[in-house]
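Undergrad: Here it is: the structure, laid out below.
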Amino acid sequence: MKIYIVSRNPETKKSNPYVATLIQGINNQFSDIEWKFGFNFLWDTNLFDFDIIHFMWPHELIGPRSEKWVTIDLIENRLKELKKRNIKIVATCHNLVPHYSSNKDAIKCYDLVYQYADMIFHLGDFSLNLFRKEYPTARNILLPHQVYDQLYTEIYDKNKCLRYLNLKADKRYLLCFGEFRDNEERKLIVDLAKQLQSEKIEFIAPRFIPIPVRRNPILKIIPFIKLVHYKIKYPFIHTYGNFIPNNLIPYFYGASDLAFIQRLHILNSGNVPLGFLMAKVVVGPNTGNVGSLLNATGNPTFDITKKDSIMVALKEGLKLAQMNKGENNRRYALTEFSTQRISYMMYNYYKELISCL
Numbered sequence: 134m135k136i137y138i139v140s141r142n143p144e145t146k147k148s149n150p151y152v153a154t155l156i157q158g159i160n161n162q163f164s165d166i167e168w169k170f171g172f173n174f175l176w177d178t179n180l181f182d183f184d185i186i187h188f189m190w191p192h193e194l195i196g197p198r199s200e201k202w203v204t205i206d207l208i209e210n211r212l213k214e215l216k217k218r219n220i221k222i223v224a225t226c227h228n229l230v231p232h233y234s235s236n237k238d239a240i241k242c243y244d245l246v247y248q249y250a251d252m253i254f255h256l257g258d259f260s261l262n263l264f265r266k267e268y269p270t271a272r273n274i275l276l277p278h279q280v281y282d283q284l285y286t287e288i289y290d291k292n293k294c295l296r297y298l299n300l301k302a303d304k305r306y307l308l309c310f311g312e313f314r315d316n317e318e319r320k321l322i323v324d325l326a327k328q329l330q331s332e333k334i335e336f337i338a339p340r341f342i343p344i345p346v347r348r349n350p351i352l353k354i355i356p357f358i359k360l361v362h363y364k365i366k367y368p369f370i371h372t373y374g375n376f377i378p379n380n381l382i383p384y385f386y387g388a389s390d391l392a393f394i395q396r397l398h399i400l401n402s403g404n405v406p407l408g409f410l411m412a413k414v415v416v417g418p419n420t421g422n423v424g425s426l427l428n429a430t431g432n433p434t435f436d437i438t439k440k441d442s443i444m445v446a447l448k449e450g451l452k453l454a455q456m457n458k459g460e461n462n463r464r465y466a467l468t469e470f471s472t473q474r475i476s477y478m479m480y481n482y483y484k485e486l487i488s489c490l
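By the count of the numbering used here, the sequence shown reaches residue 490 at its end, each step adding exactly one.
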C-alpha cells in the first residue's frame, strides 16, 4: 500500500506530532505501507503510482511552498486528475477554514479538497454530522484525535515542575497551551487574569507572544518588545515566547492545576486530548468538536458570547481538579484514544478504501 501524506515531513524538528505519532503507530503494527511526505511530490509524475493521497491542512499548499507557485486552479486540476485515475483521496478535517485568514484561495482550498475526497476523517461528532450534509459523496468517518502516549510516557511531580519553571508554590496555575493566534485571545486571558490574581490564580501561557523563527533578527524585534511589555505589565501571565520542545511540555502541564483552551473560534484542538493525557481537567469553549468532547466527558465548557460563563467554567474546573477528575480523564484517554488504537483504526480505513478499487 503506497500512501502520500500532503504535509511537511513528520521527522522535521518542529513538525506537528499528530502526523508523526500516527505514522509511528501504524508502522509499529504493520509493515506493508510505503509512505511519502512533503508538498513537492503532489506535482511529481510518480504520484500516480500511489494508492492514496491524504491531505491534512490544505491551505499549506497555497503560495510558494513547492517547486512552482501553487494556485487554486493547479490544485483543482490535480484533484481532477487523481479522480480520473481512480486514486483515492483522503482528508483529515482539522479545520473548516484556515485560522484567522482572509486569503480566498486558502479558504477555497479546503472546500475543494473536501469536495473531491473519497473519505474524510473527523476528530469529533460536530464536523462529522456537519459534513454528512455538506459533503455527502464522501465517506465521513469518526477518527478521534490520538493522545501522544508514546511521546509523553509519564506524569511529572508538581513541585519538581514548579521549581523547573521558577514558579511559586503558593499559587494555582491555569495553562493555556499553543500559540495565541489573535489579540482577542490575548485580551481574554488578560481580562481573566486580572480577575483571578486576587485569588492567587495565575496563567501560564508559553506562546502568548510567539517569537517567530527568522534568519533576519530584525523581524524578531517587534515581537520581542511586545513580549517584554506583557511580562512587565502582566506579571501574573507567565509567557516564554520561544517554541516549547516536546521534552519540556510535561513540565508545563505538571505545574498547572487546570488546562484552559483559550480559543474563541475553534473546531478541533489537540490540546484537549493532551490535557487528558496529562491528567488535567480541561475547560474550553462549547464550540465544534472541542465542545462535544468536553461535554461528553464531563469537563466544563463555556459560551464564548457570555464572559460570565467563562469564569463559572473555570471555577467548576478547579473544583473538579480537586476531586481527581484529571486522573479520570487520563484513564479515559488512554483507553479510548491511545495511539495504538487510533492508528490501527486509520490503517484499516485505508485498507477498506483501497478494497473499493
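From the three backbone atoms N, C-alpha and C, an ideal C-beta is built for every residue, glycine too.
Beta strand (DSSP E) containing Asn273: first to last residue?
TA: It spans 272-275 - the beta strand (DSSP E) in which Asn273 sits, taken as one unbroken run.
Undergrad: What would DSSP say about Ile159, mapped onto helix, strand or coil?
TA: Of the three classes helix, strand and coil, the one that applies to Ile159 here is helix, per DSSP.
Undergrad: DSSP state of Thr204, grouped into three classes?
TA: Coil, per DSSP.
Undergrad: In angstroms with no decimal places, state the Cα-to-Cα distance between Arg272 and Ala224.
TA: Going by the C-alpha atoms only, they are around 10 Å apart.
Undergrad: Any idea which residues DSSP pairs Gly417 with across the strands?
TA: Thr434, per the DSSP bridge assignment.
Undergrad: How is Phe188 classed by DSSP in three states: helix, strand or coil?
TA: DSSP places Phe188 in strand when its eight states are reduced to three.
Undergrad: Between the beta-carbon of Tyr480 and the beta-carbon of Phe170, is there less than 8 Å?
TA: No, these two residues do not count as a Cβ contact at 8 Å.
Undergrad: Drop a sphere of 10 angstroms on the beta-carbon of Arg464, count the other beta-carbons inside from all chains shown, and report buried for 16 or more, exposed for fewer.
TA: Exposed, because fewer than 16 other Cβ atoms sit within 10 Å of the Cβ of Arg464.
Undergrad: Rounded to whole angstroms, what's the CA-CA distance from Asp315 to Met252? Just pull it up for me.
TA: About 32 Å.
Undergrad: Please list, in chain order, all residues of the same chain as Lys221 whose beta carbon is under 6 Å from its beta carbon, the five residues on each side excluded.
TA: If we look at Lys221 and ignore the five residues flanking it on each side, its Cβ neighbours are Ile185, Asp251, Leu486.
Undergrad: The beta strand (DSSP E) with Lys293 in it runs from where to where?
TA: Not the beta strand (DSSP E): Lys293 falls in the alpha helix (DSSP H), residues 291-297.
Undergrad: Since Phe393 sits in a beta bridge, which residues does DSSP pair it with?
TA: Phe393 pairs with Val416.
Undergrad: With DSSP as the reference, label His362 as helix, strand or coil.
TA: If DSSP states are grouped into helix, strand and coil, His362 belongs with the helices.
Undergrad: Taking the continuous beta strand (DSSP E) assigned at Phe254, which residues delimit it?
TA: Here the beta strand (DSSP E) through Phe254 covers 252-255.
Undergrad: Nearest-angstrom Cα distance between Asp290 and Arg211?
TA: Each residue's alpha carbon lies about 51 Å from the other.
Undergrad: Rounded C-beta distance between Phe470 and Pro277? I'm assuming under 8 Å.
TA: Their Cβ separation, rounded to whole angstroms, is 5 Å, which keeps Phe470 and Pro277 in contact under 8 Å.
Undergrad: Where does the unbroken beta strand (DSSP E) through Leu194 begin, and where does it stop?
TA: No beta strand (DSSP E) holds Leu194; DSSP gives it neither H nor E.
Undergrad: Pull up the DSSP beta-bridge partners for Lys169, would you.
TA: Per DSSP, Tyr137.
Undergrad: So, under 8 Å CB-CB, Ala239 and His192 are touching, yes? Tell me the CB distance rounded to an integer number of Å.
TA: About 4 Å separates the two Cβ atoms, so the contact holds.
Undergrad: Assign Ser402 to buried or exposed, taking buried as 16 or more other Cβ atoms, counted over all protein chains shown, within 10 Å of its Cβ.
TA: The residue in question, Ser402, is buried, as its Cβ has 16 or more Cβ neighbours within 10 Å.
Undergrad: Quick one, which of His362, Pro406, His398, Ala338 has its alpha-carbon nearest Tyr373's?
TA: Nearest option by C-alpha distance: Ala338.
Undergrad: Checking 8 Å against the spacing of the C-beta atoms, do Ile322 and Gly387 come in under that value?
TA: For Ile322 and Gly387, no; Cβs fall outside 8 Å.
Undergrad: With distances taken between CB atoms, is the gap from Leu261 to Ile475 smaller than 8 Å?
TA: No.
Undergrad: By the three-class DSSP mapping on this structure, what secondary structure does Cys242 have?
TA: Note: Cys242 maps to helix in three-state DSSP.
Undergrad: Please report the distance separating the alpha-carbon of Pro433 from that of Leu447.
TA: The straight-line gap from Cα to Cα measures roughly 8 Å.
Undergrad: Going by DSSP, what residue range makes up the alpha helix (DSSP H) through Val323?
TA: Note, Val323: alpha helix (DSSP H), 316-329.
Undergrad: Out of Arg141, Asp206, Leu325, Lys237, state which residue places its alpha-carbon closest to the alpha-carbon of Gln495.
TA: Only positions 134 to 490 of the chain appear in this structure, which leaves residue 495 out of reach.
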